[in-house]
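Below: the structure, in structure tokens.
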Amino acid sequence: NAGVTQTPKFQVLKTGQSMTLQCAQDMNHNSMYWYRQDPGMGLRLIYYSASEGTTDKGEVPNGYNVSRLNKREFSLRLESAAPSQTSVYFCASMGWGRGSYEQYFGPGTRLTVT
Amino acid sequence: GESVGLHLPTLSVQEGDNSIINCAYSNSASDYFIWYKQESGKGPQFIIDIRSNMDKRQGQRVTVLLNKTVKHLSLQIAATQPGDSAVYFCAENDGGATNKLIFGTGTLLAVQP
């Protein structure tokens, strides 16, 4: 049981390049989320997927797209990277555990756009 | 949502002392709150949660207090240890059906040996 996994762990892009961040969970959770975290700040929700086949915008969706490929996988795509998208990206899934709902986070992807 | 600041509030405590980390939330409809711990270079880790129909919940060495009147949440850590050094975030469920969490800015807890 690996929990939430993310690839890649690190990435450097040039302005205008595109890339997809991958996320997978093996806990059979319905809900999955993408956040970004900038230095010294909290997490901001980019997109989320309440269940397979649905996606919705969070607080900061501009410049991103997502795909809920199946129940396990939720990918985040940057079509044309900008320096403002330099950040650490966390994927999370939410499900019932230890008597309440918990959000489990992946280890993060550190993205630098030059 | 909550305001986001450029500087992380810091709480410095001596090893063995009790720590209290505070959080203000903004949404009266929020019905579920979680405290997370984030160590350097890692993703946030669940610590403890509380529902809006409770005002206190205890875990192992941690207690969360909820004051709905003033929309305030606190995390108390007993006998703070060096391993408790991390950034602590509170998060509120937005009260909707999609379990969307809104995170606070975070507090850096620095435990002095």
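As you go down the protein sequences, you meet chains C and E in turn. This note's numbering applies: residue 1 is where the first sequence begins, and numbers increase by one. This note's numbering applies: residue 1001 is where the second sequence begins, and numbers increase by one. No residue lacks a Cβ here, since even glycine has one placed at the ideal position from N, Cα and C.
- Not a single C-beta of chain C is nearer than 9 Å to the C-beta of E:Y1025.
- Listed along the chain, the chain E residues whose CB falls inside 8 Å of the CB of C:G106 are G1043.
- Between E:K1037 and the set E:S1030, E:Q1112 and E:I1077, the nearest pair of CA atoms involves E:I1077.
- Considering only E:V1111, E:P1113 and E:F1103, the residue with the shortest C-alpha distance to E:P1044 is E:F1103.
- Residues of chain E whose Cβ lies closer than 8 Å to the Cβ of C:L111 do not exist, since the nearest Cβ in that chain is about 15 Å away.
- Apart from sequence neighbours up to five positions away, the residues of its chain that approach E:L1065 with a beta-carbon distance below 6 Å are K1056 and S1074, ordered along the chain.
- Under the DSSP assignment, E:H1072 falls in the beta strand (DSSP E) whose first and last residues are H1072 to I1077.
- Contact between C:S75 and C:L21 holds, with the beta-carbon distance rounding to 7 Å and staying under 8 Å.
- Chain E places no beta carbon closer than 9 Å to that of C:R36, leaving this residue out of the contacts.
- Judged by DSSP in its simplified three-state form, C:Q17 adopts coil rather than helix or strand.
- Excluding sequence positions up to five before and after C:Y101, its CB lies within less than 8 Å of the CB of M94 and G95, all in the same chain and listed in chain order.
- Each of E:A1091, E:T1080 and E:F1089 was checked against the Cα of E:V1111, and the nearest Cα belongs to E:T1080.
- Within chain C, S31, Y33, L45, Y48, A50, D56 and G58 have C-beta atoms less than 9 Å from the C-beta of E:K1100, given in sequence order.
- When the five nearest sequence neighbours on each side are left out, the beta carbons in the same chain lying within less than 6 Å of the beta carbon of E:N1022 are those of S1074, in order along the chain.
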